[in-house]
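Peer 1:
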């Protein structure tokens, strides 16, 4: 198995992004609880987001500990968890219904 | 759900296109780590541009909240890609890799915008044309989201039909042609949207479209000069 080396600065950036991903997971976990009773379709969506986010966070943390992924690939994966998942997850009109003036397309 | 459908269809089409024509990495990227950082730059540019310009447009229209914009996302991703290429010393076009998926993502995503109706703030201004759509407020409006969908699907058909005959042209200049078409049609459709003007009677997305049009023309000119 290939062992990669990660610098301290890179490690700090990685864990900051990982924590941002964890916050997203908790946020959508809260949305899931709020919508679970009244809006099953949105609750299903929020559950999917939590699962996707959880999978990515677990995978990236495991790779970090095992050092079996190149730094560039690991950084990309954790950036997907921190930026891409919430960008897709909050799209369209879904969040408007649960947050009033939430994230939505406007152009 | 259309966001997910748009993303999935875009990813699948891009994957098929890459396999069908054996495009391993975006043109000009030689190492896998360079590819990862390139994708990272694109992702950050897309997220920043999409959220910043979507929210700014909402603010200019006097509405609260945070919003996303497809055009803003494309603009942000292009800026990020060009900055990355500048520092990585890459001169040639790297974007064709993403174009088929991006076209389908926009085309399908806009159907989602159309179905979402008034809350999405992507509808058109009032019209008396027979295909005007009432989104629930009693006003027949231009279904401008579908205009974008149809334009993108026509461009996708042109790309897929002509790529086998002219692969070199599309690999060198295809991304810039896409930007030209996308920004050009967006510039036209913006006249049919209820967004407030910011300068010279043009709205925020008019100006972003114009910036992208200038970019596409300059890059087409440069890539043509490189060929000659």
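Protein chains in written order, with the numbering used here: chain D, 15 to 121; chain Y, 1096 to 1323.
Here a beta-carbon is modelled for each residue, glycine too, at the ideal position from N, C-alpha and C.
Owing to the predicted nature of the structure, the values given are computational and were not obtained by experimental measurement.
1. Is it buried or exposed for residue 1284/Y, if we count other Cβ within 10 angstroms and need 16 for buried?
2. Between residue 1271/Y and residue 1138/Y, what straight-line distance do the alpha-carbon atoms span, to the nearest angstrom?
3. If you check the beta carbons only, do residue 1144/Y and residue 1172/Y fall under 8 Å apart?
4. What whole-angstrom Cβ distance do residue 1265/Y and residue 1315/Y have, given they're in contact under 8 Å?
5. Report the residues of the region 41-75 of chain D with a CB closer than 7 Å to any CB of chain Y, ordered along the chain.
6. First and last residue of the alpha helix (DSSP H) that includes residue 1262/Y?
7. Determine the extent of the beta strand (DSSP E) in which residue 1214/Y is found, giving its start and end residues.
8. Please state whether the Cβ-Cβ distance between residue 1218/Y and residue 1239/Y is less than 8 Å.
9. For the region 1231-1238 of chain Y against the region 1275-1282 of chain Y, are there 3 or more C-beta pairs whose distance is under 8 Å?
10. Could you tell me the distance, in whole angstroms, from the CA atom of residue 1118/Y to the CA atom of residue 1136/Y?
11. Taking contact to mean 3 or more Cβ pairs, one atom from each stretch, closer than 8 Å, check whether the region 73-91 of chain D and the region 48-63 of chain D are in contact.
12. Distance check for residue 104/D and residue 115/D, CA to CA, integer angstroms please.
13. Taking Cβ positions only, does residue 1104/Y come closer than 8 Å to chain D?
14. Could you tell me whether the region 1209-1229 of chain Y touches the region 1174-1194 of chain Y, using the rule of 3 or more Cβ pairs below 8 Å?
15. What does a CB cutoff of less than 6 Å around residue 38/D pick up in its chain, not counting 5 residues either side in sequence?
16. Which residues in the same chain as residue 1275/Y place their Cβ atom closer than 6 Å to its Cβ, once the five residues preceding and following it in sequence are excluded?
17. Taking the Cβ atom as the reference point for each residue, do residue 1148/Y and residue 1164/Y lie within a distance shorter than 8 Å?
Peer 2: Based on what the coordinates show:
1. The residue labelled residue 1284/Y in the question sits at position 189 within the second chain. Label assigned to residue 1284/Y: buried.
2. Residue numbering aside, residue 1271/Y sits at position 176 when the second chain is read from its first letter. Residue numbering aside, residue 1138/Y sits at position 43 when the second chain is read from its first letter. Taking C-alpha positions only, residue 1271/Y is separated from residue 1138/Y by approximately 19 Å.
3. Here residue 1144/Y is taken as the residue at index 49 of the second chain, counted from 1. Here residue 1172/Y is taken as the residue at index 77 of the second chain, counted from 1. It is a contact, given that the beta carbons lie within the stated cut-off.
4. The count along the second chain starts at 1 and reaches residue 1265/Y at position 170. The count along the second chain starts at 1 and reaches residue 1315/Y at position 220. With 8 Å as the limit, residue 1265/Y and residue 1315/Y do not qualify as a contact, their Cβ atoms being about 13 Å apart.
5. The residues in question: there are none.
6. Residue mapping note: residue 1262/Y aligns to position 167 of the second chain, counting from 1. 1262-1285 is the extent of the alpha helix (DSSP H) around residue 1262/Y.
7. Translated into the one-based positions of the second chain, residue 1214/Y becomes position 119. Bounds of any beta strand (DSSP E) do not take in residue 1214/Y, whose DSSP letter is neither H nor E.
8. Indexing the second chain from 1 puts residue 1218/Y at position 123. Indexing the second chain from 1 puts residue 1239/Y at position 144. A contact, by the Cβ cut-off of 8 Å.
9. With a cut-off of 8 Å, the region 1275-1282 of chain Y and the region 1231-1238 of chain Y do not count as touching, because too few Cβ pairs lie within range.
10. Translated into positions along the second chain, residue 1118/Y becomes position 23. Translated into positions along the second chain, residue 1136/Y becomes position 41. Computed Cα separation, rounded: 20 Å.
11. Output reads no: the region 48-63 of chain D does not touch the region 73-91 of chain D.
12. Position 101 of the first chain, counted from the start, is the residue given in the question as residue 115/D. Position 90 of the first chain, counted from the start, is the residue given in the question as residue 104/D. Unreliable placement is indicated for residue 115/D, whose pLDDT of 42 sits below 50; the coordinate value is still reported in the next sentence. In a straight line, the C-alpha of residue 115/D is about 12 Å away from that of residue 104/D.
13. As a working mapping, residue 1104/Y is identified with position 9 in the second chain. It does not; no Cβ of chain D falls within 8 Å.
14. Too few Cβ pairs lie closer than 8 Å, so no.
15. Translated into positions along the first chain, residue 38/D becomes position 24. Counting only Cβ-Cβ distances below 6 Å, and skipping sequence neighbours, we find 67 and 100.
16. Residue mapping note: residue 1275/Y aligns to position 180 of the second chain, counting from 1. Leaving aside the five residues that flank residue 1275/Y on each side, the residues in its chain whose CB is nearer than 6 Å to its CB run, in chain order, 1311.
17. As a working note, residue 1148/Y is residue 53 in the second chain. As a working note, residue 1164/Y is residue 69 in the second chain. Yes, they are a contact pair.
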